[in-house]
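Trainee:
Residue numbers (UniProt numbering): 1 to 367.
Structure below.
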């Protein structure tokens with residue numbers, strides 16, 4: 001496929017080949033230095049996507065290097081730390097719903113609910129200040145657009161300033177915990193690794209969940225028969241959320257895996273050193289993996305999807321995202337049982353994400 005600027009790459013669009021590629025690190029590796037055309041000067045080093053790839057987070061590492069870095073981050077980002085956020089998520093949810101109820105009845109769901117909930121949660125987790133929220137939203141949007149050549153530089157500089165502030169004034173947040181994280185052999189995250197992994201947690205911590213809240217509400221309101229199954233208790237919210245994640249994932253694709261040798265997939269040879277796009281959205285609609293994949297059906301048994309990746313690189317924040325969705329969605333439909341869609345929902349201008357720029361809703365019928 002071709003990106004803006006005539007950048008041509010391969011894409012894995014089916015479930016099985018994508019899972020196999022993500023699991024086989026002898027053939028498919030991560031890290032922009034493995035992209036032969038870029039290192040050979042065949043790709044403009046200033047191309048926005050090339051700039052976007054220059055990261056040193058665990059998302060861009062393979063094998064033992066990835067395991068080492070993920071272990072250090074995970075030692076700070078514990079399941080207990082996530083579960084301890086439940087009361088705070090419930091409190092923020094209630095506060096936002098109260099504020100929405102004070103409106104004239106029509107609100108932008110994304111601005112009023114989908115964005116402020118996860119950004120406040122991840123800020124609490126990391127130990128960030130509320131005045132940083134708008135800056136973070138802007139920087140993440142620029143980074144994920146795939147069209148802004150300066151986005152990474154600006155984002156890294158901002159995150160570096162956050163880390164420096166935590167060094168001077170540590171707290172019980174995740175950034176301070178990562179600064180202090182040590183492996184048994186004394187290993188720790190380098191300054192660059194701290195910056196890049198903090199930015200990864202910020203992006204994964206609110207952009208993806210923000211998109212899924214908006215996408216899930218739109219799906220359920222455009223499929224009233226499915227919503228009725230939830231309202232009558234015939235289907236669990238847990239199952240409905242998994243189908244929303246499959247059907248309309250907020251992350252449709254991510255760059256890149258790189259081939260260590262020539263490899264044949266479905267009769268097509270991908271040369272060594274080429275970039276391979278991870279097309280999660282397409283894989284989630286693969287007819288070879290899902291029955292009637294273009295039908296939204298929350299009654300599906302054993303729903304599987306690639307919304308959080310696969311294998312060793314399964315999203316570290318998946319449990320937090322599911323917890324936020326499980327609290328936010330039932331609360332919204334309980335508080336506003338007559339909520340409906342109004343107006344248009346233009347897509348966010350980004351190559352890699354899938355969610356609306358705005359999602360107007362009517363909370364109650366007009367008197």
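C-beta: ideal position from N, C-alpha, C; glycine also.
Taking 7 Å as the threshold (C-beta atoms), are residue 298 and residue 243 in contact?
Mentor: Walking along the chain shown from the start, residue 243 turns up at place 243. Walking along the chain shown from the start, residue 298 turns up at place 298. Taking 7 Å as the Cβ cut-off, residue 243 and residue 298 qualify as a contacting pair.
Trainee: Can you tell me whether DSSP reads residue 108 as helix, strand or coil?
Mentor: Walking along the chain shown from the start, residue 108 turns up at place 108. Three-state result, residue 108: strand.
Trainee: With distances taken Cα to Cα, identify the nearest neighbour of residue 193 among 70, 63, 343.
Mentor: Stepping through the chain shown from its first residue, residue 193 is reached at position 193. For the residues 70, 63, 343, the minimum Cα distance to residue 193 belongs to 70.
Trainee: Using only CA atoms, which one of 121, 127, 253 lies nearest to residue 325?
Mentor: Here residue 325 refers to the residue found at position 325 when the chain shown is read from its first residue. Of the listed residues, the one whose Cα sits closest to residue 325 is 121.
Trainee: Would the beta-carbon of residue 14 fall within 7 Å of that of residue 286?
Mentor: Taking the chain shown and counting its residues from 1, the one referred to as residue 14 is at position 14. Taking the chain shown and counting its residues from 1, the one referred to as residue 286 is at position 286. In this structure, residue 286 lies closer than 7 Å to residue 14 by Cβ.
Trainee: Specify whether the stretch 173 to 184 and the stretch 58 to 77 touch according to this definition: at least 3 beta carbon pairs, one from each stretch, less than 8 Å apart.
Mentor: Output reads yes: the stretch 58 to 77 touches the stretch 173 to 184.
Trainee: Compare the Cα-Cα distances from residue 32 to each of 12, 59, 11 and report the closest residue.
Mentor: In the chain shown, counting from the first residue as 1, residue 32 sits at position 32. Comparing Cα positions, the closest option is 59.
Trainee: Nearest to residue 308 by CA position, among 209, 95, 78, is which residue?
Mentor: Along the chain shown, read from residue 1 onward, the residue named residue 308 stands at position 308. Checked all of 209, 95, 78; the closest Cα to residue 308 is 209.
Trainee: Within 10 angstroms of its Cβ, does residue 6 collect 16 or more other Cβ (buried), or is it exposed?
Mentor: What you label residue 6 is simply residue 6 of the chain shown in a count that begins at 1. With fewer than 16 Cβ atoms within 10 Å of its Cβ, residue 6 is classed as exposed.
Trainee: Helix, strand or coil: how does DSSP classify residue 265 here?
Mentor: Residue numbering aside, residue 265 sits at position 265 when the chain shown is read from its first letter. Strand at residue 265.
Trainee: Just checking my contact of residue 86 with residue 245 at CB under 8 Å: how many whole Å lie between their CB atoms?
Mentor: Along the chain shown, one-based indexing puts residue 86 at 86. Along the chain shown, one-based indexing puts residue 245 at 245. No, residue 86 and residue 245 are not in contact; Cβ-Cβ is about 20 Å, not under 8 Å.
Trainee: What residue does the beta strand (DSSP E) around residue 360 start on, and which one ends it?
Mentor: What you label residue 360 is simply residue 360 of the chain shown in a count that begins at 1. 360 to 362 is the span of the beta strand (DSSP E), which, as asked, contains residue 360.
Trainee: Can you give me the Cβ contacts of residue 88 inside the same chain, cut-off strictly under 8 Å, excluding the 5 residues immediately before and after it?
Mentor: Your numbering for residue 88 matches position 88 in the chain shown. 121, 124, listed in sequence order.
Trainee: Within this structure, are the beta carbons of residue 118 and residue 247 separated by less than 7 Å?
Mentor: On the chain shown, position 118 is the one that residue 118 refers to. On the chain shown, position 247 is the one that residue 247 refers to. No, Cβ-Cβ distance for residue 118 and residue 247 is not below 7 Å.
Trainee: May I ask you to report which of helix, strand or coil DSSP gives residue 315?
Mentor: The residue you call residue 315 lines up with position 315 of the chain shown. The answer is coil: DSSP assigns residue 315 none of H, G, I, E or B.
Trainee: Can you confirm whether the stretch 49 to 56 touches the stretch 146 to 156 when touching is taken to mean that 3 or more C-beta pairs between the two stretches lie within less than 8 Å?
Mentor: Flag = yes, the stretch 146 to 156 and the stretch 49 to 56 touch.
Trainee: Assess, as a yes-or-no matter, whether the stretch 248 to 255 is touched by the stretch 300 to 320 under the definition of 3 or more beta carbon pairs within less than 8 Å.
Mentor: Yes, the stretch 300 to 320 touches the stretch 248 to 255.
Trainee: Express the C-alpha separation of residue 16 and residue 28 in angstroms, rounding to a whole number.
Mentor: As a working note, residue 28 is residue 28 in the chain shown. As a working note, residue 16 is residue 16 in the chain shown. Going by the C-alpha atoms only, they are around 14 Å apart.
Trainee: Is the separation between the beta-carbon of residue 108 and that of residue 346 shorter than 7 Å?
Mentor: In the chain shown, counting from the first residue as 1, residue 108 sits at position 108. In the chain shown, counting from the first residue as 1, residue 346 sits at position 346. Against a cut-off of 7 Å, the Cβ pair of residue 346 and residue 108 comes out as no contact.
Trainee: Quick one: measure Cβ to Cβ for residue 319 and residue 178, integer angstroms, because I've assumed they're closer than 8 Å.
Mentor: Translated into the one-based positions of the chain shown, residue 319 becomes position 319. Translated into the one-based positions of the chain shown, residue 178 becomes position 178. Going by Cβ atoms, the distance from residue 319 to residue 178 rounds to 18 Å, so no, they are not a contact pair.
Trainee: If I'm right that residue 62 touches residue 25 with Cβ under 8 Å, what's the distance once you round it to whole angstroms?
Mentor: One-based indexing of the chain shown puts residue 62 at position 62. One-based indexing of the chain shown puts residue 25 at position 25. The pair is a contact, with the Cβ atoms about 5 Å apart (cut-off 8 Å).
Trainee: Round the Cβ separation of residue 241 and residue 329 to the nearest angstrom and send it over; I've been treating them as touching at under 8 Å.
Mentor: As a working mapping, residue 241 is identified with position 241 in the chain shown. As a working mapping, residue 329 is identified with position 329 in the chain shown. At roughly 7 Å, the Cβ-Cβ gap stays under 8 Å, so residue 241 and residue 329 are in contact.
Trainee: Which residues bound the beta strand (DSSP E) around residue 275?
Mentor: Indexing the chain shown from 1 puts residue 275 at position 275. First-last of the beta strand (DSSP E) with residue 275: 275 to 278.
Trainee: Restricting to Cα atoms, I'd like to know which of 338, 312, 349, 343 is closest to residue 65.
Mentor: The count along the chain shown starts at 1 and reaches residue 65 at position 65. With distances taken between Cα atoms, residue 65 lies closest to 312.
Trainee: Judging by CA-CA distance, which residue of 154, 128, 253, 293 is the nearest neighbour of residue 276?
Mentor: Here residue 276 is taken as the residue at index 276 of the chain shown, counted from 1. With distances taken between Cα atoms, residue 276 lies closest to 253.
Trainee: Assign residue 89 to one of three DSSP states: helix, strand, or coil.
Mentor: For this step, residue 89 is matched to residue 89 along the chain shown. In this structure, residue 89 counts as helix in the three-state DSSP scheme.
Trainee: Please state the DSSP three-state secondary structure of residue 122.
Mentor: Sequence index remark: in the chain shown, residue 122 carries index 122 (1-based). Helix, per DSSP.
Trainee: With DSSP collapsed to three states, give me the class of residue 308.
Mentor: Taking the first residue of the chain shown as 1, we reach residue 308 at position 308. DSSP places residue 308 in coil when its eight states are reduced to three.
Trainee: Can you give the Cα-Cα distance for residue 264 and residue 143, rounded to whole angstroms?
Mentor: To locate residue 264, count along the chain shown from 1; it is residue 264. To locate residue 143, count along the chain shown from 1; it is residue 143. Roughly 32 Å between the two C-alpha positions.
Trainee: I'd like the list of long-range same chain contacts for residue 342, defined as Cβ closer than 8 Å, with 5 residues on each side in sequence excluded.
Mentor: By one-based count along the chain shown, residue 342 stands at place 342. Answer for residue 342: 106, 360, 361, 362, listed in chain order.
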